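Enquirer: Quick one: the structure is below, questions incoming.
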Amino acid sequence: MFSEQVFSKQQLHEATELRHKLHQNPELKFQENDTARLVAKRLSELGYQVTEGIATTGVMAELDTGREGPVLAFRADMDALPINETNAFAHRSQREGLMHACGHDGHTATLLLAAEAIMAMRDELCGHIKLLFQPGEEGGNGADLMVKAGVLQNPKVDAVFGYHNRPGFPAGQLFVKPGPAMGGNDTYKVTIEGVSGHAAMPHLAVDPIYIGSSLVQQLQGLAGRHKSPLEAGVITVASFHAGDAANVIPGHAELLVNIRSDRPSSREALAGKLEQVTQGVCAAHGAYYHMEHLHQVPPLVNDQGWSELVLSIATKHTVSNDIQQLDYMPTMGAEDFAFYLQEVPGCFFFVGNGEGAYLHNERYDFNDQILPVAGGMFVALVKELLTKH
Numbered sequence: 003m004f005s006e007q008v009f010s011k012q013q014l015h016e017a018t019e020l021r022h023k024l025h026q027n028p029e030l031k032f033q034e035n036d037t038a039r040l041v042a043k044r045l046s047e048l049g050y051q052v053t054e055g056i057a058t059t060g061v062m063a064e065l066d067t068g069r070e071g072p073v074l075a076f077r078a079d080m081d082a083l084p085i086n087e088t089n090a091f092a093h094r095s096q097r098e099g100l101m102h103a104c105g106h107d108g109h110t111a112t113l114l115l116a117a118e119a120i121m122a123m124r125d126e127l128c129g130h131i132k133l134l135f136q137p138g139e140e141g142g143n144g145a146d147l148m149v150k151a152g153v154l155q156n157p158k159v160d161a162v163f164g165y166h167n168r169p170g171f172p173a174g175q176l177f178v179k180p181g182p183a184m185g186g187n188d189t190y191k192v193t194i195e196g197v198s199g200h201a202a203m204p205h206l207a208v209d210p211i212y213i214g215s216s217l218v219q220q221l222q223g224l225a226g227r228h229k230s231p232l233e234a235g236v237i238t239v240a241s242f243h244a245g246d247a248a249n250v251i252p253g254h255a256e257l258l259v260n261i262r263s264d265r266p267s268s269r270e271a272l273a274g275k276l277e278q279v280t281q282g283v284c285a286a287h288g289a290y291y292h293m294e295h296l297h298q299v300p301p302l303v304n305d306q307g308w309s310e311l312v313l314s315i316a317t318k319h320t321v322s323n324d325i326q327q328l329d330y331m332p333t334m335g336a337e338d339f340a341f342y343l344q345e346v347p348g349c350f351f352f353v354g355n356g357e358g359a360y361l362h363n364e365r366y367d368f369n370d371q372i373l374p375v376a377g378g379m380f381v382a383l384v385k386e387l388l389t390k391h
């Protein structure tokens with residue numbers, strides 16, 4: 003396999019040890035100070051031009067070959083989650099209540115592993131390489147902040163690449179979904195303002211619980227009757243709070259509405275009509291409402307051409323013994339890598355993590371055996387696209 007050509011056993015051993023160190027020391031979004039320092043130090047030692055403090059704790063490493071060629075960017079995320087780990091292995095989290103439950107420790111170790119191999123190829127390369135170590139993927143839209151900080155400019159990036167491990171798929175399987183590949187995420191807080199009253203006299207009140215319940219039912223109609231059945235999307239009312247006494251109709255209710263969509267058209271059919279439906283339901287019962295857009299990540303849409311190229315390069319270099327093109331979305335989970343893809347074309351690929359606990363679970367762990375596959379894909383892209391001719 004390609005990884006055997008570019009990574010020594012010692013490099014893979016060191017990458018695994020580094021991954022374990024990161025796992026033991028998780029940090030939440032925009033607090034990745036120790037992680038960022040470790041990353042920046044390693045990249046500087048390798049000879050990259052390093053910029054720290056991007057989008058709070060982000061790190062960018064650049065390799066300018068001095069020869070004309072494409073500008074490629076590769077991204078890894080660094081933040082952990084507020085989960086108390088229940089694993090018992092030696093490299094379990096040493097920080098109570100914090101855990102790398104999504105594999106960002108593995109993603110960071112992967113790109114650092116690839117960075118070493120890429121630097122070793124420096125004299126054979128043309129163009130410019132940017133390695134982006136991003137904070138705040140878990141609900142912080144760190145990618146959006148990195149883009150706004152200018153990481154895709156000066157010089158302008160021609161294509162951007164990243165990956166995510168996927169539990170439940172065979173370990174080391176590399177797969178790509180051209181086009182829509184991960185769901186967009188819109189989260190709203192909807193406050194319904196009614197009129198409080200006595201539970202025995204509902205006709206003298208405007209009941210926000212009844213109105214909110216009607217709204218929940220109507221929102222499901224958007225997914226069932228306004229979105230194309232050939233597109234993916236779902237609406238979940240994840241929280242509904244109102245009242246605290248058995249004999250009182252409360253004056254207001256709060257709902258948290260989470261909307262997932264696979265492309266702009268499905269997002270418009272769901273998130274685009276949320277306020278219209280809310281307004282109609284409330285107006286029919288004499289209530290008012292307030293809507294707050296809490297969080298938004300666009301659907302992740304891979305460029306068709308770059309996706310096909312990733313698959314072609316992976317196959318040519320035998321990056322994995324199991325390479326697949328999917329014709330279905332592997333997840334409706336959101337990924338803020340989508341912000342990069344809104345600015346420049348590229349591909350976000352996946353590598354199977356094997357059987358075991360799923361992402362964001364207290365017993366999850368990144369599979370160290372996939373480091374050479376994921377790292378090898380980054381190196382193969384550089385070798386194929388930036389080798390001097």
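The sequence shown lines up with residues 3 to 391 when you count with the numbering used here.
All C-beta atoms in this analysis are idealised placements derived from N, C-alpha and C, irrespective of residue type, glycine included.
Since we're looking at a predicted model, the values are computed, not measured.
Count the other C-beta atoms from every protein chain shown that fall within 10 angstroms of the C-beta of Asn369, then say buried if there are 16 or more, exposed otherwise.
Expert: Here residue 369 refers to the residue found at position 367 when the sequence shown is read from its first residue. Asn369 is buried by the Cβ-count criterion.
Enquirer: Candidates Ser198, Val279, Ile237, Thr280: which alpha carbon is nearest Asp246's?
Expert: As a first step, residue 246 is located in the sequence shown; it is residue number 244 there, counting from the start. Comparing Cα-Cα distances from Asp246 to each of Ser198, Val279, Ile237, Thr280, the minimum goes to Ser198.
Enquirer: Could you check whether Ile237 and Arg222 sit closer than 8 Å to each other, using their CB atoms as the reference points?
Expert: The residue you call residue 222 lines up with position 220 of the sequence shown. The residue you call residue 237 lines up with position 235 of the sequence shown. Looking at the sequence itself, residue 222 is Gln, so the reference to Arg does not match. Yes, the Cβ-Cβ distance between Gln222 and Ile237 is below 8 Å.
Enquirer: Among the candidates Glu364, Gln51, Gly378, whose CA atom is the shortest distance from the CA of Ala103?
Expert: Mapped onto the sequence shown, residue 103 falls at position 101. Nearest of Glu364, Gln51, Gly378 to Ala103, Cα basis: Glu364.
Enquirer: Looking only at C-alpha atoms, which of Leu302, Ala234, Ser268, Ile325 sits nearest to Leu311?
Expert: Here residue 311 refers to the residue found at position 309 when the sequence shown is read from its first residue. For Leu311, the nearest C-alpha among the options comes from Ile325.
Enquirer: Could you have a look at Pro169 and say whether DSSP puts it in helix, strand or coil?
Expert: For this step, residue 169 is matched to residue 167 along the sequence shown. In the structure shown, Pro169 sits in a strand (DSSP, three-state: E or B).
Enquirer: Does the distance from the CB of Phe76 to the CB of Leu113 come in under 8 Å?
Expert: Here residue 76 is taken as the residue at index 74 of the sequence shown, counted from 1. Here residue 113 is taken as the residue at index 111 of the sequence shown, counted from 1. Yes, Cβ-Cβ distance for Phe76 and Leu113 is below 8 Å.
Enquirer: Tell me, please, which residues DSSP counts as bridged to Lys132.
Expert: Position 130 of the sequence shown, counting from 1, holds the residue named residue 132. According to DSSP, Lys132 bridges with Glu64, Ala75.
Enquirer: When DSSP builds the beta bridges, which residues end up paired with Ser263?
Expert: As a first step, residue 263 is located in the sequence shown; it is residue number 261 there, counting from the start. Paired residue(s): Gly186, Gly235.
Enquirer: Return helix, strand or coil for Met121, following the three-state DSSP convention.
Expert: Counting from 1 along the sequence shown, the entry for residue 121 is found at position 119. Reduced to three states, the DSSP call for Met121 is helix.
Enquirer: Can you tell me which of the three DSSP states Val41 falls into?
Expert: As a first step, residue 41 is located in the sequence shown; it is residue number 39 there, counting from the start. In the structure shown, Val41 sits in a helix (DSSP, three-state: H, G or I).
Enquirer: Please list the terminal residues of the continuous beta strand (DSSP E) segment that includes Gln326.
Expert: Translated into positions along the sequence shown, residue 326 becomes position 324. Here the beta strand (DSSP E) through Gln326 covers 325-327.
Enquirer: Would you tell me roughly how many angstroms separate the C-alpha atoms of His362 and Leu83, rounded to the nearest one?
Expert: Indexing the sequence shown from 1 puts residue 362 at position 360. Indexing the sequence shown from 1 puts residue 83 at position 81. Those two C-alpha atoms are separated by around 8 Å.
Enquirer: What are the boundary residues of the alpha helix (DSSP H) that His378 is part of?
Expert: As a working note, residue 378 is residue 376 in the sequence shown. In the sequence as presented, His is not what sits at residue 378; that position holds Gly. Residues 373-388.
Enquirer: For Ala376, which residues in the same chain have their Cβ closer than 6 Å to its Cβ, ignoring the five residues on either side in sequence?
Expert: Reading the sequence shown from its first residue, position 374 is the one you call residue 376. Around Ala376: Thr112, Tyr165, Val353.
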